[in-house]
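What follows is one structure encoded as structure tokens, with my remarks underneath.
Residue numbers (my numbering), protein chains in the order written: chain A, 377 to 592; chain B, 42 to 167.
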């Protein structure tokens, strides 16, 4: 029997490219977030509200991941920020090399905040470091308050949780307190914001916090 | 731009194949009998899906028929408050001793290739 012993990280190639991305972003003093959620939790709506709120205050750029379309990039382009679309053609997550290619098309000297909107999926993106400073997970009570329990690695790996669509709480059986508790038992250090893109509730708090993270 | 796999287990299977190929002896054409993996409980990898994807992409190659032997690495954390080390059950990251959630993961994120076992006949060739 012939056995070759190796100790190799399966995702070492992705991790190495992610680290290159991180170094490049740090060099240009760009604060980068990786925005993740299940489909329909409101990532793009949060992104739009954030762009609207930060307009004139910060130089923002967006990398949009989508399985099939460039609809989200079209939505984002209305806010007059540089936006690059990555269409994964069925791929369930972004990988660091795709982000590296996207970064080559952006003028990094003119960006303070980069928002990467990942593909709508709470499973796969959690394995793939893109070079971001932190992951922000969006959840909404319409999906049920047990989402954190079903996708624990994502909630563990995220630094921020945005609970969106809070205006719908009165019409749902879902409990905000349960959703919060479920998330906090997985990751007690999660910073939680509660928002509604319809009423605008909580968007100001989120943007104030985000603005404060940017290196000046 | 380029595409990824439809499942992240497919991308992971492709990465495993790449790593194995890089570590096979250059002489002869050894076949691979098994690949030993370390997969942490927090790695977010469904082993059945990984096996399925691995079999699909290695069909007709020298990795065809190789088994994936998975060592599941328990999700262990240490409490920063009372320094107790414990196994996380059902993803509840709360210390059973002091009840706090300020814990550090010490194992369970692993996703590694640790060993490649070659088939007998290849040994004679090598």
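Where is the CB? At the ideal position from N, CA and C, for every residue including glycine. Keep in mind the model is a prediction, meaning the values are calculated, not measured.
Just reading off the alpha helix (DSSP H) that residue i is part of, what are its end residues?
i: residue 480 of chain A; result: 472-480
i: residue 532 of chain A; result: 528-533
Start and end of the beta strand (DSSP E) containing residue i?
i: residue 127 of chain B; result: 126-128
i: residue 568 of chain A; result: 567-570
i: residue 545 of chain A; result: Neither: residue 545 of chain A is in no beta strand (DSSP E) and is coded neither H nor E.
i: residue 386 of chain A; result: Segment: none, residue 386 of chain A is in no beta strand (DSSP E) and carries neither H nor E.
i: residue 537 of chain A; result: 536-539
Where does residue i fall in DSSP's three states?
i: residue 561 of chain A; result: helix
i: residue 391 of chain A; result: helix
i: residue 556 of chain A; result: helix
i: residue 405 of chain A; result: coil
i: residue 131 of chain B; result: coil
i: residue 53 of chain B; result: helix
i: residue 588 of chain A; result: helix
i: residue 169 of chain B; result: Because chain B is modelled from 42 through 167, residue 169 of chain B falls outside the range shown and cannot be assessed.
i: residue 148 of chain B; result: strand
i: residue 347 of chain A; result: Beyond the ends of chain A as shown, which are 377 and 592, falls residue 347 of chain A; an answer cannot be given.
i: residue 518 of chain A; result: helix
i: residue 378 of chain A; result: strand
i: residue 153 of chain B; result: strand
i: residue 398 of chain A; result: helix
i: residue 42 of chain B; result: Confidence is the limiting factor: at residue 42 of chain B the pLDDT is only 36, short of 50, which leaves the residue's position unreliable, though a coordinate-based value still follows. Of the three classes helix, strand and coil, the one that applies to residue 42 of chain B here is coil, per DSSP.
i: residue 120 of chain B; result: strand
i: residue 525 of chain A; result: helix
i: residue 166 of chain B; result: Any answer about residue 166 of chain B is weak, because its pLDDT of 48 lies below 50 and its placement is not dependable; what the coordinates show is given next. Helix, per DSSP.
i: residue 575 of chain A; result: coil
i: residue 581 of chain A; result: helix
i: residue 507 of chain A; result: coil
Would you say residue i touches the ligand MG, meaning its beta carbon is less than 6 angstroms from a heavy atom?
i: residue 532 of chain A; result: For the ligand MG, the structure offers nothing, since it holds no ligand at all.
query = Taking three-plus beta-carbon pairs below 8 angstroms as touching, is the region 509-526 of chain A in contact with the region 475-487 of chain A?
reply = Between the region 509-526 of chain A and the region 475-487 of chain A there are fewer than three C-beta pairs closer than 8 angstroms, too few to call the two in contact.
request  = Counting only runs of 4+ residues fully inside the region 412-491 of chain A, write out the alpha helix (DSSP H) ranges in chain order.
outcome  = 419-430, 447-453 and 472-480, all fully within the region 412-491 of chain A.
key: Members of the region 46-63 of chain B that neighbour chain A once the beta carbon cut-off is set at 8 angstroms   = Within the region 46-63 of chain B, the qualifying residues are 46, 47, 48, 49, 52, 53, 56, 57, 59 and 60.
query = Using Cβ-Cβ distances below 9 angstroms, what residues of the region 560-578 of chain A are close to chain B?
reply = Contact annotation: in the region 560-578 of chain A, residues whose CB is within less than 9 angstroms of a CB in chain B are 560, 561, 562, 563, 564 and 565.
request  = Closer than 9 angstroms, Cβ to Cβ, to anything on chain A: give me those residues from the region 139-161 of chain B, in chain order.
outcome  = The residues in question are 141, 142, 143, 144, 146, 150, 151, 152, 153, 154, 155, 156, 157, 158, 159, 160 and 161.
request  = Pick out the complete alpha helix (DSSP H) segments inside the region 56-116 of chain B, 4 residues or longer, and give them in chain order.
outcome  = Restricting attention to alpha helix (DSSP H) runs no shorter than 4 residues, the region 56-116 of chain B encloses them at 88-99, ordered along the chain.
task = Mind the definition here: the region 535-544 of chain A touches the region 570-589 of chain A only if three or more C-beta pairs lie below 8 angstroms; say whether that holds.
result = Yes: the two stretches touch, three or more of their Cβ pairs being nearer than 8 angstroms.
task = Would you list, in chain order, the members of the region 117-137 of chain B that have their beta-carbon closer than 7 angstroms to a beta-carbon of chain A?
result = So the close ones are 132, 133, 134 and 135.
query = Between the region 513-530 of chain A and the region 395-409 of chain A, do three or more beta carbon pairs fall short of 8 angstroms?
reply = Too few Cβ pairs lie closer than 8 angstroms, so no.
ask   = Between the region 78-100 of chain B and chain A, which residues of the former have a C-beta closer than 8 angstroms to a C-beta of the latter?
value = With the criterion set as a beta carbon lying under 8 angstroms from some beta carbon of chain A, the members of the region 78-100 of chain B are 78, 83, 84, 85 and 86, in sequence order.
task = Note down, in chain order, all residues in the region 494-516 of chain A with a beta-carbon under 7 angstroms from any beta-carbon belonging to chain B.
result = The residues in question are 499, 500, 502 and 503.
key: Chain-ordered residues of the region 519-543 of chain A with a beta carbon less than 9 angstroms from chain B   = Under the 9 angstroms Cβ criterion, the region 519-543 of chain A contributes 524, 525, 527, 528, 529, 530, 531, 532 and 533.
request  = Check each residue of the region 380-401 of chain A: if its Cβ is closer than 9 angstroms to any Cβ of chain B, include it; give the result in chain order.
outcome  = Residues passing the 9 angstroms Cβ filter: 380, 381, 382, 383, 384, 385, 386, 387, 388, 389 and 390.
ask   = Using 8 angstroms as the threshold, is the region 65-74 of chain B in touch with the region 500-508 of chain A, meaning 3 or more CB pairs across them?
value = At 8 angstroms Cβ cutoff, the stretches do not touch.
ask   = Are at least three pairs of beta-carbons, each pair with one atom in the region 123-139 of chain B and one in the region 89-109 of chain B, less than 8 angstroms apart?
value = Taking a cut-off of 8 angstroms for Cβ pairs, the region 123-139 of chain B and the region 89-109 of chain B do not touch, as fewer than three such pairs fall below it.
ask   = On the three-pair Cβ rule with 8 angstroms, is the region 458-478 of chain A touching the region 434-450 of chain A?
value = Two segments are said to touch when three or more pairs of C-beta atoms, one from each, lie closer than 8 angstroms; by this definition the region 458-478 of chain A touches the region 434-450 of chain A.
request  = Assess, as a yes-or-no matter, whether the region 530-537 of chain A is touched by the region 466-479 of chain A under the definition of 3 or more beta carbon pairs within less than 8 angstroms.
outcome  = By the criterion of at least three beta-carbon pairs nearer than 8 angstroms, the region 466-479 of chain A is not in contact with the region 530-537 of chain A.
ask   = Going along the chain, which residues of the region 414-427 of chain A sit with their C-beta nearer than 7 angstroms to a C-beta in chain B?
value = The region 414-427 of chain A vs chain B, Cβ under 7 angstroms: nothing.
key: Meets three-Cβ-pair contact criterion under 8 angstroms: the region 146-153 of chain B and the region 90-105 of chain B   = At 8 angstroms Cβ cutoff, the stretches do not touch.
message = Can you pull out the residues from the region 452-472 of chain A whose beta carbon lies closer than 7 angstroms to at least one beta carbon of chain B?
response = The residues in question are 462, 463, 464, 465, 466, 467, 468, 469 and 471.
query = Between the region 48-60 of chain B and the region 133-145 of chain B, do at least 3 Cβ pairs fall closer than 8 angstroms?
reply = Counting Cβ pairs under 8 angstroms, fewer than three are found: no touch.
task = Decide if the region 518-527 of chain A is in contact with the region 469-476 of chain A; the criterion is three or more beta carbon pairs, one per stretch, under 8 angstroms apart.
result = By the Cβ criterion, the region 518-527 of chain A is not in contact with the region 469-476 of chain A, since fewer than three pairs of Cβ atoms, one from each stretch, lie closer than 8 angstroms.
ask   = Is the region 482-497 of chain A touching the region 381-393 of chain A in the sense that three or more CB pairs, one from each, lie closer than 8 angstroms?
value = Touching, no.
message = Quick check: the region 412-419 of chain A against the region 91-100 of chain B, are at least 3 beta-carbon pairs closer than 8 angstroms?
response = Output reads no: the region 412-419 of chain A does not touch the region 91-100 of chain B.
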